[in-house]
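Residue numbers (the numbering used here), protein chains in the order written: chain A, 1 to 216; chain B, 1 to 216.
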């Protein structure tokens, strides 16, 4: 996987549906069903085809965790849109964490500034330029979550190896249940209220200790 | 209404649910129901409370139709997220136009660049900073559509007067059915295929005629 992919995966965690993990492999079908993480016989994730009907968590533009990342040419942007299955979203609103089997989808679309009568800012245009998934399955994945990339092809994709930076980054920085809820303004208040914010995130947002007054 | 509002309404048309228009007023309830344009006895639109569960059409950032618009301070951005009721979205995918009664919701959220581990670009943060609606009701509205602003308050809002620039702008520039489908990449191919692109939009995207070769 490329650095760009790990950034995207880090930038917007991705999760899924409500399956009993033991039944996943035997339930795999060529066509993905709504709200259900589907794997083929080789354990590859089958890209869901109806994720645009799911619940929209949020979008960002040109997000990067690296200060020195290359800047794209002017007027070239990448939006990321994140979607959760309806049942998984309802469970998160109730519990402040994702049910086992959840699949979150991160979709990228190009952003353009000039187009039709628009003069400034950016709007999304064209086909998806990338798609990744973050899947919760505590029996299947070490740490409970697996990442999958390259799904815009529509073809099943193998799990991204655990050595990829996305795993460590989500463990170290994600606000709730290994997902970047700090970037989803409709879910951050839920996790706050349910008390499911991670210790790492709470430490990150802790105000700096006041500088002690110098001796008089 | 302010210029900013008309820009936002122009930037992302907004529409709603599947009601018989004659029945709208009598069906009005204090609490808005899913997928249903609800009006109070004074004809004010009751803001839907569950639009975040609807279908996400697209998002943009800092969009403006004015070349000379004031630029926001660095690191201050406004995202717009547009949502359609599930039944209206299904009808558009079938017909390339919106059913009578459709309500589209445009939600604004602030965007920040630095936050958590993000260093570049922008992500959405905080509560909605604005909410507007675009409602199709051929019996109720001249031209078939009405705009409503100031809905983030959660209180019913009167129709924006027809003299507002949003009405003329949508009539003159919207790609399909008076809505800015050119900014919704999941719907533009539908309108193209169904043959519902407006004459004005088709003229706008028509290639410039080739310059005739000079006489030899």
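Where a beta carbon is used, it is the ideal one built from N, C-alpha and C, also for glycine. Because the structure is a prediction, the values reported are computed rather than measured.
Examine chain B for any beta-carbon lying closer than 7 Å to the beta-carbon of residue 52/A, and answer yes or no. Contact with chain B is found for residue 52/A, since one of that chain's Cβ atoms lies less than 7 Å from the residue's Cβ.
Can you give me the start and stop residues for the beta strand (DSSP E) that residue 78/B sits inside? 77-84 is the extent of the beta strand (DSSP E) around residue 78/B.
Within 7 Å, strictly: CB atoms of residue 54/B and residue 85/B: Taking the C-beta atoms as reference points, residue 85/B is found nearer than 7 Å to residue 54/B.
Please report the residue range of the beta strand (DSSP E) in which residue 205/B lies. Note, residue 205/B: premise wrong, no beta strand (DSSP E); alpha helix (DSSP H) at 199-205.
Between the Cα of residue 195/B and those of 96/B, 92/B and 39/B, spot the shortest distance and give me the residue it belongs to. Nearest neighbour of residue 195/B by Cα position, chosen from 96/B, 92/B and 39/B, turns out to be 96/B.
On the criterion of 16 or more Cβ atoms from any shown chain inside 10 Å, does residue 202/B qualify as buried, or is it exposed? With fewer than 16 other Cβ atoms inside 10 Å of its own Cβ, residue 202/B counts as exposed.
Taking the beta strand (DSSP E) that residue 221/A belongs to, which residues open and close that run? Nothing in the structure corresponds to residue 221/A, since chain A is present only between 1 and 216.
In chain B, what lies closer than 9 Å to residue 204/A by C-beta? Within chain B, the residues near residue 204/A are 116 and 117.
Taking 7 Å as the CB-CB cut-off, is residue 120/A touching chain B? Yes, residue 120/A lies at the interface with chain B (some Cβ there is under 7 Å from its Cβ).
Of all the options 181/B, 82/B, 136/B and 92/B, which has the alpha carbon lying nearest to the alpha carbon of residue 223/B? Look at the range of chain B in this structure, 1 to 216, and you will see that residue 223/B is not part of it.
Counting C-beta neighbours from all protein chains within 10 Å, is the total for residue 162/A 16 or more, i.e. buried, or is it exposed? When all chains shown are included, residue 162/A counts as exposed.
Determine which residues of the segment 167-187 of chain A have a Cβ less than 7 Å from any Cβ of chain B, and write them out in chain order. So the list reads 173, 182, 183, 185 and 186, given in the order they occur along the chain.
Quick one: grab the DSSP three-state call for residue 64/A. Three-state DSSP puts residue 64/A in a strand.
Return yes when at least one heavy atom of the ligand NAD lies under 6 Å from the C-beta of residue 136/A, else no. No copy of the ligand NAD occurs in the structure displayed, which carries no ligand at all.
Please classify residue 57/B: does DSSP put it in a helix, a strand, or coil? For residue 57/B, the secondary structure class from DSSP, reduced to helix, strand or coil, is strand.
Neighbour-count burial assignment, residue 186/A, 16 or more Cβ in a 10 Å radius: With 16 or more Cβ atoms within 10 Å of its Cβ, residue 186/A is classed as buried.
Spatial neighbours of residue 197/B within its chain, please: CB distance less than 7 Å, with the 5 preceding and 5 following residues excluded, ordered by chain position. Its chain contains 175, 176 and 191 as the residues whose beta carbon lies nearer than 7 Å to that of residue 197/B, once the 5 sequence neighbours on both sides are disregarded; these appear in chain order.
Check whether the Cβ atoms of residue 37/B and residue 103/B lie closer than 7 Å to each other. For residue 37/B and residue 103/B, yes; Cβs fall inside 7 Å.
Of the listed residues 205/B, 35/B and 153/B, nearest to residue 101/B (C-alpha basis): Checked all of 205/B, 35/B and 153/B; the closest Cα to residue 101/B is 35/B.
Kindly identify the DSSP beta-bridge partner or partners of residue 125/A. Paired residues: 110/A.
Alpha-carbon to alpha-carbon, residue 57/B and residue 105/B: Across the structure, residue 105/B and residue 57/B are spaced so that their CA atoms are roughly 10 Å apart.
Considering residue 181/B, what are the terminal residues of the alpha helix (DSSP H) in which it resides? Per DSSP, residue 181/B belongs to no alpha helix (DSSP H) and is neither H nor E.
Note down, in chain order, all residues in the segment 141-152 of chain A with a beta-carbon under 8 Å from any beta-carbon belonging to chain B. Answer set for the segment 141-152 of chain A: empty.
Let me know the secondary structure DSSP gives residue 24/B once reduced to three states. For residue 24/B, the pLDDT reaches just 33, beneath the cut-off of 50, and the residue's location in the model is therefore unreliable, leaving the point undetermined.
If you draw a straight line from the C-alpha of residue 45/B to the C-alpha of residue 151/B, how long is it? When rounded, the distance between both Cα atoms is 9 Å.
If contact means a Cβ-Cβ distance below 7 Å, which residues of the segment 86-108 of chain B contact chain A? Hits within the stretch: zero.
For residue 182/B, collect the residues of the same chain with a Cβ closer than 7 Å to its Cβ; drop the 5 residues on either side in sequence, then sort them by chain order. Once the five neighbours on either side are set aside, the close Cβ partners of residue 182/B are 175, 188 and 201.
C-alpha gap between residue 120/B and residue 141/B, whole angstroms: Rounded to whole angstroms, residue 120/B and residue 141/B show a C-alpha spacing of 44 Å.
Collapsed DSSP secondary structure at residue 97/A in the structure displayed: Looking at residue 97/A - three-state DSSP - the assignment turns out to be coil, as it is neither helix nor strand.
Looking at C-alpha atoms only, which residue of 178/A, 66/A, 146/A and 179/A is the closest neighbour of residue 164/A? Here the closest residue by C-alpha is 146/A.
Which partner residues of residue 134/B appear in the DSSP bridge assignment? DSSP output for residue 134/B lists 104/B and 147/B as bridge partner(s).
Residue range of the unbroken alpha helix (DSSP H) whose run includes residue 194/A: It spans 188-194 - the alpha helix (DSSP H) in which residue 194/A sits, taken as one unbroken run.
Report the three-state DSSP secondary structure of residue 141/B (helix, strand or coil). DSSP places residue 141/B in coil when its eight states are reduced to three.
Roughly how many angstroms lie between the CA atoms of residue 173/B and residue 180/A, to the nearest whole one? Between the C-alpha atoms of residue 173/B and residue 180/A there is a straight-line separation of about 38 Å.
Backbone CA spacing between residue 50/A and residue 149/A [nearest angstrom]: Distance from the CA of residue 50/A to the CA of residue 149/A, rounded to the nearest whole angstrom, comes to 17 Å.
Between residue 63/A and chain B, is there a C-beta pair that is closer than 7 Å? Yes, residue 63/A counts as interfacial toward chain B.
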